[in-house]
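Each remark here refers to the structure printed beneath this line.
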Amino acid sequence: MTEQIRTPQGEKYPALLRILHWLRAVLILGLIACGWYMTGRAEHDPVAGFLYPGHKQFGLLAWLLALVHLVLRWRHQATLPTTPAALKPLEKLLSHGIHRLIIALTLLTPMLGYAMSSSLTDGDGVPFFFLSHVPEILPKNDEAFAAFQMLHRYSAYILLLCIALHIAGTVKHRLQDRNGETDVLPRML
Ligand code: HEM
């Protein structure tokens with residue numbers, strides 16, 4: 001699948017990449033909301049008890065989808081829509097920088113979550129749908145757990161900030177230049 005699809009507004013991303021983009025957006029925002037909510041509940045709260053394993057396995061799924069996304073982008077790189085030439089240099093820099101950060105943090109955040117969960121001495125392990133426990137390769141160490149816990153939290157909330165900036169940039173160009181060269185939303189629909 002290396003064809004470039006043309007529409008009246010210009011080029012679009014390949015269908016698989018567009019589907020993956022929206023799927024990952026919903027998944028990641030859901031994981032952040034779930035993580036924020038479950039960590040605010042009391043220790044033996046039954047809702048949190050239900051949400052923790054769900055958060056871990058959907059978090060691992062987000063990591064796998066981030067890898068698939070990277071591979072697909074690499075395979076389609078020659079035919080992907082290009083950065084609009086009409087963007088100002090600072091806008092280009094911001095747009096590229098935020099994209100790269102989002103890609104990096106969607107890979108890093110789940111890895112830190114996995115590292116945190118698997119280093120906790122009396123943790124509940126990490127399930128993954130059909131697997132009751134994913135192998136935990138890190139040695140048990142509660143100090144390492146605390147460090148990974150903090151890094152996972154920062155990484156997730158910085159990711160949220162990047163997503164907010166990404167949405168703000170898209171909305172700005174949609175409002176200022178509807179269906180023009182810098183209005184990139186239709187390329188992802
Ligand atoms: C893109 C993927 C992920 C995102 C966006 C995400 C996001 C979050 C957020 C926002 C929190 C709340 C942090 C806080 O306010 O203290 C959290 C907590 C947590 N996450 Fe994730 N997470 C992801 C993947 C994972 C994975 C893969 C695991 C484990 C395999 C995991 C395990 C946990 C655990 C155990 C907590 C609770 C930590 C605590 O009790 O303090 N997360 N996550």
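Its first residue numbered 1, the sequence shown is counted upward by one per residue in the UniProt record's numbering. Beta carbons: idealized from backbone N, C-alpha and C, even for Gly.
Handout entry: Those residues which DSSP pairs with leucine 131 across a bridge
Key = Locating residue 131 in the sequence shown gives position 131, counting from the first residue. Answer is Phe128.
Handout entry: Top-ranked residue by Cα proximity to leucine 161, from Met111, Thr106 and Leu131
Key = Locating residue 161 in the sequence shown gives position 161, counting from the first residue. Closest option to leucine 161, Cα to Cα, is Thr106.
Exercise for the section: Helix, strand or coil for lysine 88, going by three-state DSSP, please let me know. Expected result: The residue labelled residue 88 in the question sits at position 88 within the sequence shown. DSSP places lysine 88 in coil when its eight states are reduced to three.
Practice task
Tell me, to the nearest whole angstrom, how far the beta carbon of proline 110 is from that of alanine 62; I am working on the premise that it is less than 8 Å.
Solution key: As a working mapping, residue 110 is identified with position 110 in the sequence shown. As a working mapping, residue 62 is identified with position 62 in the sequence shown. A Cβ-Cβ separation of about 6 Å places proline 110 in contact with alanine 62 under the 8 Å criterion.
Practice task
Note down the Cα distance separating isoleucine 137 from methionine 116, rounded to an integer number of angstroms.
Solution key: Against the sequence shown, residue 137 aligns to sequence position 137. Against the sequence shown, residue 116 aligns to sequence position 116. Taking the straight line from one Cα to the other gives about 11 Å.
Practice task
State the Cα-Cα distance for the pair glycine 59 and leucine 31, rounded to the nearest angstrom.
Solution key: The residue given as residue 59 occupies position 59 in the sequence shown. The residue given as residue 31 occupies position 31 in the sequence shown. Those two C-alpha atoms are separated by around 7 Å.
Practice task
Report yes if the C-beta of proline 110 is less than 8 Å from at least one heavy atom of the ligand HEM; otherwise report no.
Solution key: What you label residue 110 is simply residue 110 of the sequence shown in a count that begins at 1. For the ligand HEM, at least one heavy atom lies less than 8 Å from the Cβ of proline 110.
Practice task
Please report how far the alpha carbon of methionine 38 lies from the alpha carbon of leucine 51, in whole angstroms.
Solution key: Within the sequence shown, residue 38 is the residue found at index 38, counting from 1. Within the sequence shown, residue 51 is the residue found at index 51, counting from 1. The alpha-carbon atoms of methionine 38 and leucine 51 are separated by roughly 7 Å.
Exercise for the section: Go through the stretch 31 to 57 residue by residue and report every complete run of the alpha helix (DSSP H) that reaches 4 residues or more, in order. Expected result: Whole alpha helix (DSSP H) segments, 4+ residues: zero.
Problem - As assigned by DSSP and simplified to three states, the class of leucine 80 - result: In the sequence shown, the residue the question calls residue 80 occupies position 80. Correct three-state label for leucine 80: coil.
Practice task
Could you please go through the chain and list the residues whose beta-carbon is closer than 7 Å to any non-hydrogen atom of the ligand HEM?
Solution key: Output, sorted by chain position: Ile28, Leu31, Ile32, Gly35, Trp36, Met38, Thr39, Tyr52, His55, Lys56, Gly59, Leu60, Ala62, Trp63, Thr106, Thr109, Pro110, Gly113, Tyr114, Met116, Ser117, Val126, Gln149, His152, Arg153, Ala156, Tyr157 and Leu159.
Practice task
Leaving aside the five residues before and after alanine 66 along the sequence, list all residues of the same chain whose C-beta is less than 8 Å from its C-beta, in chain order.
Solution key: Looking up residue 66 in the sequence shown gives position 66. Here the set comprises Arg24, Ile103, Thr106, Leu107 and Pro110.
Exercise for the section: Under 8 Å by Cβ, that's how I've got leucine 151 and leucine 112 pegged, so tell me the actual separation to the nearest angstrom. Expected result: Counting from 1 along the sequence shown, the entry for residue 151 is found at position 151. Counting from 1 along the sequence shown, the entry for residue 112 is found at position 112. About 5 Å separates the two Cβ atoms, so the contact holds.
Practice task
Determine, using beta-carbon pairs with one atom in the stretch 63 to 83 and one in the stretch 162 to 179, whether at least three such pairs fall under 8 Å.
Solution key: Touching, no.
Problem - Closest Cα partner of tyrosine 154 within the set Trp36, Gly125, Ser118 and Leu72 - result: Taking the sequence shown and counting its residues from 1, one reaches residue 154 at position 154. If we check each option's Cα against that of tyrosine 154, Trp36 comes out closest.
Exercise for the section: Assign lysine 140 to one of three DSSP states: helix, strand, or coil. Expected result: Within the sequence shown, the letter at position 140 stands for residue 140. Three-state result, lysine 140: coil.
Practice task
Could you check if lysine 56 is buried or exposed, using at least 16 other CB atoms within 10 Å of its CB as the buried criterion?
Solution key: Taking the first residue of the sequence shown as 1, we reach residue 56 at position 56. Buried.
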